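Numbering (the numbering used here), first residue to last: 1153 to 1576.
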RNA sequence: GGAGAGAUGGCAGAGUGGUCGAUUGCGGCGGUCUUGAAAACCGUUGACUGUUAAAGGUCCGGGGGUUCGAAUCCCUCUCUCUCCGCCA
């Protein structure tokens, strides 16, 4: 969430930036500032009263020690009357503070100045591309047919075991998953990211920290008996590693990577877009996360974008990089680059990574701070990105590399997969 | 699942109703000494809020209560450890 002190000091700028994100209630900013004003007044009033009470209590202690009971009694009376005058203000303060916070968390992050204007995905700006577009014969097959032909994934049995959208990988299909995960993790750790293998269920405080709660509750699977949520991405447990921590400047940047399965309910999507691996409830993803000093975060973002781009080049997939417009960005992001690969048989661009700078928006929620050289504690910046989400990578690899007698794999995968080609 | 013990500052560990936001040790930082370092010695060292700066307020796992006053007493939740049971 945004800091109220920042909103107070930059009222018009905040409104202007929120407009880029198509935030619908600009009046909220004024409401917040008004509430904040009132809150701070109430606070200083109650604190002054509390100070008198504290002082009187101390005096009572000393009088009791000297055996001056009557004087002590008189002071007690004084405290009692102060307290009764304070009760109303205290409860008003608590409910006002509550209301302010509830309103404050409804504000999305402010978009970076380089974010293009726009309403929807159609307004995103292509910021780079690479790789060769494959030339496939007319009878090229979509990945779901190739999966059946090479017996890589059994969707029907997955549905029997659990439900639709829970793929059952088998044989070479399972091996390919393992090869990709291993390759991605090796690539990330070589670049200095520390590998984590986190819990796959998180508690409420953790889900709140990264912004899944309170709003996006419906997107997660909920284990009601224990109050846990299945993670929709490794970002959730891994970013929370440093929740409520104050880091030393010398520890920054923090670079973390993690492979996890990801669970998403994604209710309400049907049709051709969800065929095969395009959209599933459980999938594998390798994530990268950085925590940096504020002045370094856009440098880190660039580094992460280059990192993911190189990965796609290794996989020899045609890709493009999109700079998301204000209307298509996530609630928490200040600047996001999406990576899409071209899946040639479907003739579709598929999103395989999303790299974002959240600036201090998440850090403020989670109270992740660092102590700078001057000894001042301040919020740090968090960033994350996928490197990479597997299902659509697999879809593109299969479709783009299909041949008469097998599916050719990019050379980086040969040693991990144990063969250069997927054969029947 | 059963029984018990515990949760205090970066760490260890005192503190059972009042000058306790907290003794002490280690660690960190600064200094003296030294060619330099170590050792020794001296000083300093939690967070949030607030302010030009202060004062003040809040925080001893979380929440609630008793009291003029709570780290200390009561209730409740969470977590950790030990023993037993079960188990990959």
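C-beta atoms are modelled at their ideal positions from N, C-alpha and C, and glycine is treated no differently. All of these numbers come straight from a predicted model, not from anything done at the bench.
Judged by DSSP secondary structure, residue 1536 falls within the beta strand (DSSP E) whose first and last residues are 1533 to 1541. Counting only the Cα atoms, residue 1205 lies some 18 Å from residue 1222.
If the five residues before and after residue 1562 are omitted, its C-beta is found closer than 7 Å to the C-beta atoms of 1466, 1467 and 1468, all from its own chain and listed in chain order.
The count of Cβ pairs closer than 8 Å, one atom from the region 1218 to 1236 and one from the region 1248 to 1256, stays below three, leaving the stretches out of contact. DSSP places residue 1287 in the coil class of the three-state scheme, outside both helix and strand. Apart from sequence neighbours up to five positions away, the residues of its chain that approach residue 1224 with a beta-carbon distance below 7 Å are 1212, 1215 and 1216, ordered along the chain.
In the three-state scheme derived from DSSP, where H, G and I count as helix and E and B as strand, residue 1440 is classed as strand.
Non-local beta-carbon contacts of residue 1398 in its own chain, meaning distances under 7 Å to residues more than five positions away in sequence, involve 1521, 1522, 1523 and 1529 in chain order. Residue 1481 is not a Cβ neighbour of residue 1441, given a cutoff of 7 Å.
One alpha carbon belongs to residue 1390, the other to residue 1208, and they sit about 48 Å apart. Distance between residue 1539 and residue 1313, taken at the CA atoms: about 29 Å. CA-to-CA, the gap between residue 1266 and residue 1154 works out to about 19 Å.
DSSP, read as helix, strand or coil, puts residue 1462 in helix.
Counting only runs of 3+ residues, the beta strand (DSSP E) found wholly inside the region 1480 to 1535 occupies 1487 to 1495, 1500 to 1509, 1521 to 1523 and 1529 to 1531, in chain order. Of all alpha-carbon atoms in 1200, 1238, 1542 and 1262, the one lying nearest the alpha-carbon of residue 1432 is that of 1542. Here the region 1564 to 1572 makes no contact with the region 1494 to 1501; the two share fewer than three CB pairs at distances below 8 Å. Cβ-Cβ distances below 7 Å link residue 1333 to 1411, 1436 and 1438 in the same chain, with the five nearest sequence neighbours on each side left out; the list follows chain order. Between residue 1321 and residue 1568, the CB-CB gap reaches or exceeds 7 Å. For residue 1505, the closest of 1381, 1471, 1259 and 1347 by C-alpha to C-alpha distance is 1471.
Just measuring C-alpha positions, the residue of 1210, 1166, 1418 and 1308 sitting nearest residue 1261 is 1166. By the 16-neighbour rule on beta-carbons within 10 angstroms, residue 1349 is exposed. Within the model, the alpha-carbon separation for residue 1294 versus residue 1254 is close to 47 Å. Remark: fewer than three beta-carbon pairs, one from each stretch, lie closer than 8 Å, so the region 1289 to 1308 and the region 1369 to 1377 are not flagged as touching. Where residue 1167 is concerned, the enclosing alpha helix (DSSP H) starts and stops at 1163 to 1172.
One thing to note: residue 1172 has its Cβ within 7 Å of the Cβ of residue 1263. The straight-line gap separating the alpha-carbon atoms of residue 1417 and residue 1380 is approximately 15 Å.
Taking C-alpha positions only, residue 1448 is separated from residue 1400 by approximately 15 Å. If you look at residue 1558, you'll find it isn't in any alpha helix (DSSP H); it sits in the beta strand (DSSP E) that goes 1558 to 1560. Excluding five sequence positions before and after residue 1331, the CB atoms of its chain that fall closer than 7 Å to its own CB belong to 1565, 1568 and 1569, given in chain order. Taking every protein chain shown into account, the CB of residue 1227 has 16 or more other CB atoms within 10 angstroms, so this residue is buried. Annotation: the continuous beta strand (DSSP E) that includes residue 1279 extends over 1277 to 1282. The Cβ-Cβ distance between residue 1305 and residue 1319 falls below 7 Å. In this structure, the straight-line span from the alpha carbon of residue 1327 to that of residue 1316 is close to 22 Å. Following the DSSP letters along the chain, one finds residue 1407 inside the beta strand (DSSP E) bounded by residues 1406 to 1415. Assignment of residue 1383 by DSSP, reduced to helix, strand and coil, places it in the coil class. By the beta-carbon neighbour count (other beta carbons within 10 angstroms, threshold 16), residue 1303 is exposed.
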